[in-house]
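Asks: What follows is a single structure, and I will ask about it in a moment.
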Amino acid sequence: MSLRSKVAVLAAAALPVLGLAACGGDSGSGTPSAPQEQGVLAMLVADAKGSLAKAVDKATKAESVTMKMDGTAAGETFKGEGTLLYGKDPKAEFSMEAAGTATKMLIIGSVIYIEVPEADRAEMDGKRWMKMDVSAAGEQAGSGFAKQMDDIDPVRQVKTLLAAESVTVVGEETIDGVKTVHYTVTNPLATYLGQLDADMRAATEKELSKAGIKEIKTDLWVDEKYQPRRVHVVMGSISDITVTYTDYGKPATITAPPAAEVFDFAEMLEGLKTGG
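Residues -21 to -1, 1 to 255, numbered by mature numbering (1 follows the signal peptide of the UniProt record, and there is no 0), are exactly what the sequence shown covers, in order.
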């Protein structure tokens, strides 16, 4: 597989992750206090909407989380793990594997940095990292997933359930040894679009409608601390992604690579246009 092919595959898997960088948490609405004598799991079952509103507040205040993910995007299987900072200065750091190619990725704002395999760095002027500004190059990269910017942010996923007319409580389940309550909802496309930022909505609607997507299925597991522990999002044939969350609020530092080690993806695209 050529370097350009590897980059395309990794970018296709990575772009849904960019929701981390784009969304940042909003403040949750007020939540009724649960009676102390009643267990949290029982409250999660009995008062789904109230519990989910509290989960929004808890996740928003944490501003960081450790994640493991796997699934399919753009027809490719991928898996990864890393750290997300989703406060006022959104950043992320991930190890990803797609189509047999493993690499590291950094997300700083709207810019994603993909580590170039050592054997391929000669094609990148010896640079270790390739930079791709999604706000400028997402469409050119050939991936509709640049518009699915919120699919793994825990705050946004809880809000997706809150936006639904009704939420189905599947019941109590254990995730990696942690007791949780499992919720599920299938939202019409219009409801999903209503959760997106205005500047993304029209383009996202066009892309999903073109793919024949009419509804989005979201499953969410919330633990006894009102923390989202897992989310599973199915968007028709476009993507099927599962994300597991741990270590909310754990301090982390993520910085962009030195400029001297970075090759701009836009230059590669320009070379393709000119036949270089």
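Note that the Cβ used here is the ideal one computed from N, Cα and C, for glycine as well.
#1: Report the rounded CA-to-CA distance for Arg180 versus Asn166, giving the unit in angstroms.
#2: What residue does the beta strand (DSSP E) around Leu64 start on, and which one ends it?
#3: Output the distance between the C-alpha atoms of Ala235 and Glu102, rounded to the nearest integer angstrom.
#4: In chain order, what residues of the same chain have a beta carbon less than 6 Å from the beta carbon of Tyr171, not counting five sequence neighbours either side?
#5: CB Asp68 to CB Val90, shorter than 8 Å?
#6: Could you please give the first and the last residue of the uninterrupted beta strand (DSSP E) stretch that includes Ala27?
#7: Could you give the distance in angstroms between the alpha-carbon of Gly173 and the alpha-carbon of Leu140?
#8: With distance defined between alpha-carbon atoms, name the residue in Ala52, Pro207, Trp200 and Val160 nearest to Met22.
#9: To the nearest angstrom, report how far apart Gly88 and Gly150 are at their CA atoms.
#10: Would Thr225 pass as a contact of Thr45 if the rule is Cβ separation under 8 Å?
#11: Bridge partners of Asp198, per DSSP?
#12: When the Cα atoms are used, what is the spatial distance from Gly156 to Arg208?
#13: Give the DSSP-derived three-state secondary structure of Glu249 in the structure shown.
#14: Using only CA atoms, which one of Thr223, Trp200, Ala25 and Glu186 lies nearest to Val164?
#15: Can you tell me whether Lys37 is buried or exposed? The criterion is at least 16 other CB atoms within 10 Å of its CB, across all chains shown.
#16: Using beta-carbon positions only, say whether Val137 and Val35 come within less than 8 Å of one another.
#17: Report buried or exposed for Pro237, applying the criterion of at least 16 other Cβ atoms within 10 angstroms of its Cβ.
#18: Give the range of the alpha helix (DSSP H) segment to which Val134 is assigned.
#19: Just to confirm the assignment, what range does the alpha helix (DSSP H) spanning Gly150 have?
Replies: Looking at the coordinates:
#1: As a position in the sequence shown, residue 180 is number 201, starting the count at 1. As a position in the sequence shown, residue 166 is number 187, starting the count at 1. Arg180 and Asn166: Cα-Cα distance of roughly 16 Å.
#2: Taking the sequence shown and counting its residues from 1, one reaches residue 64 at position 85. Per DSSP, Leu64 belongs to the beta strand (DSSP E) from Glu55 to Leu64.
#3: Numbered from 1 along the sequence shown, position 256 holds the residue referred to as residue 235. Numbered from 1 along the sequence shown, position 123 holds the residue referred to as residue 102. Those two C-alpha atoms are separated by around 21 Å.
#4: Working through the sequence shown from its first residue, we reach residue 171 at position 192. So the qualifying residues of the chain are Ile195.
#5: Translated into the one-based positions of the sequence shown, residue 68 becomes position 89. Translated into the one-based positions of the sequence shown, residue 90 becomes position 111. No, the Cβ-Cβ distance between Asp68 and Val90 is not below 8 Å.
#6: Counting from one through the sequence shown, the residue named residue 27 turns up at place 48. Where Ala27 is concerned, there is no enclosing beta strand (DSSP E), although the alpha helix (DSSP H) it sits in stretches over Ala27 to Ala41.
#7: Taking the sequence shown and counting its residues from 1, the one referred to as residue 173 is at position 194. Taking the sequence shown and counting its residues from 1, the one referred to as residue 140 is at position 161. If you take the alpha carbons of Gly173 and Leu140, they lie about 12 Å apart.
#8: Residue mapping note: residue 22 aligns to position 43 of the sequence shown, counting from 1. If we check each option's Cα against that of Met22, Val160 comes out closest.
#9: Your numbering for residue 88 matches position 109 in the sequence shown. Your numbering for residue 150 matches position 171 in the sequence shown. Taking the straight line joining both Cα atoms gives about 37 Å.
#10: Translated into positions along the sequence shown, residue 225 becomes position 246. Translated into positions along the sequence shown, residue 45 becomes position 66. Yes, they are a contact pair.
#11: In the sequence shown, residue 198 corresponds to position 219, counting from 1. The partner list for Asp198 (beta bridge, DSSP) reads Thr163 and His211.
#12: The count along the sequence shown starts at 1 and reaches residue 156 at position 177. The count along the sequence shown starts at 1 and reaches residue 208 at position 229. Near 11 Å, if we compare the C-alpha coordinates of Arg208 and Gly156.
#13: For this step, residue 249 is matched to residue 270 along the sequence shown. Note: Glu249 maps to helix in three-state DSSP.
#14: By 1-based counting over the sequence shown, the position of residue 164 is 185. Of the listed residues, the one whose Cα sits closest to Val164 is Trp200.
#15: By one-based count along the sequence shown, residue 37 stands at place 58. Answer is buried; the Cβ neighbour count reaches 16.
#16: Taking the first residue of the sequence shown as 1, we reach residue 137 at position 158. Taking the first residue of the sequence shown as 1, we reach residue 35 at position 56. Contact flag set, yes.
#17: Sequence index remark: in the sequence shown, residue 237 carries index 258 (1-based). Answer is exposed; the Cβ neighbour count stays below 16.
#18: Taking the first residue of the sequence shown as 1, we reach residue 134 at position 155. Val134 -> alpha helix (DSSP H) spans Pro133 to Ala142.
#19: The residue given as residue 150 occupies position 171 in the sequence shown. Here Gly150 belongs to no alpha helix (DSSP H); instead the beta strand (DSSP E) covers Thr147 to Ile154.
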